[in-house]
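Here's the structure we're looking at; comments come further down.
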Amino acid sequence: MPDISVILAAPGWRAAVKRPEEVARRAAEAALREAGATGAMTVLLTDDTEVKRLNGQHRAKVKPTNVLSFPAEVPGQLGDVALALGVVRREARDAGRRTAAHLAHLVAHGALHLAGHDHLEAGEARRMERAEARIMRRLGLPNPWRGVT
C-alpha cells in the first residue's frame, strides 16, 4: 500500500470539493496501483499563487498551472504533486465537469508522472490517457478524455 500524505494548504479547497483530502488520496492510490508503483508521495492542495511560485522556481514558467509533479530521487519516495485551486476550478467549469472529478483526474495524472509515465510523444500520451481513463472508471468518475478532440 502506498504511503500518501495530503496537505491542505488552501482552505478554499473545502468549499470547492467535499472532502478534498479523501478525493486526492483515493485518486493517488488508484493511480499508483494502476502503475504498479510503491513508495511515499505527498499531494499539496494549494492556491494559484503558490503553484505559480513553484512553476517559476522549478520550470522557469511564471504562471500557475493545474498540477506540478516533482519526482523524488530518494529510494522509497515517489515525490510530490501540487495542485492550484483556482486553475483546477476554472478548468472544471470550462469543461463542464465537477471540480472533484477534475481534482481526481489531475492527482492521478501527477501520480502517474511520479510512477514514470509521460506524455511528450504521441504513443506515450495515448498510453497515459488510457491509464487515466481506467483510473477514473475505478473511482466511479467520468472519463476525462471523452468528448476531447
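Going from the sequence shown to my numbering is simple: count from 1 and add 1459.
Cβ coordinates follow ideal geometry from the N, Cα and C atoms, glycine included.
*Mapping DSSP to helix, strand and coil, what is E1533?*
Note on identity: in this sequence residue 1533 is Val, with Glu being the wrong assignment. In the structure shown, V1533 sits in coil (DSSP, three-state: anything other than H, G, I, E or B).
*List in chain order: all unbroken alpha helix (DSSP H) runs of 4+ residues lying wholly within the segment 1532-1602.*
1544-1554, 1558-1573, 1581-1597
_4-residue-minimum alpha helix (DSSP H) runs that sit fully inside the segment 1490-1514, ordered along the chain_ = none
*Quick one: Cα of H1564 to Cα of D1507, how far?*
18 Å
*Where the beta strand (DSSP E) through V1465 begins and ends*: For V1465, the enclosing beta strand (DSSP E) starts and ends at 1462-1467.
_According to DSSP, is V1521 part of a helix, a strand, or is it coil?_
coil
*Contacting residues, own chain, Cβ-Cβ under 7 Å from V1476 (five flanking each side not counted)*: Taken in chain order, the residues that qualify are V1482, T1558, A1559, L1562.
*Sequence-distant residues of its chain with Cβ nearer than 7 Å to E1480 (five each side left out)*: V1465, L1467
*asked:* Let me confirm a value: W1604 is counted as buried when at least 16 other C-beta atoms fall within 10 Å, else exposed. Which label applies?
replied: exposed
*asked:* Taking the straight line between their C-alpha atoms, what separation do you get for G1555 and R1549?
replied: For G1555 and R1549, the distance between alpha carbons rounds to 10 Å.
*Can you tell me whether DSSP reads V1526 as helix, strand or coil?*
strand
_For H1517, count the other beta carbons within 10 Å of its own beta carbon; 16 or more makes it buried, fewer makes it exposed. Which is it?_
Only exposed fits H1517, as fewer than 16 other CB atoms lie within 10 angstroms of its CB.
*asked:* Here's a check: name, in chain order, each residue in its chain whose Cβ is nearer than 7 Å to the Cβ of R1469, leaving out the five neighbours to either side.
replied: Note that residue 1469 is Ala in the sequence shown here, rather than Arg. Here the set comprises L1504, T1505, D1506, L1544.
*Tell me, please, whether the segment 1518-1532 touches the segment 1485-1497 by the rule of three or more beta-carbon pairs shorter than 8 Å.*
no
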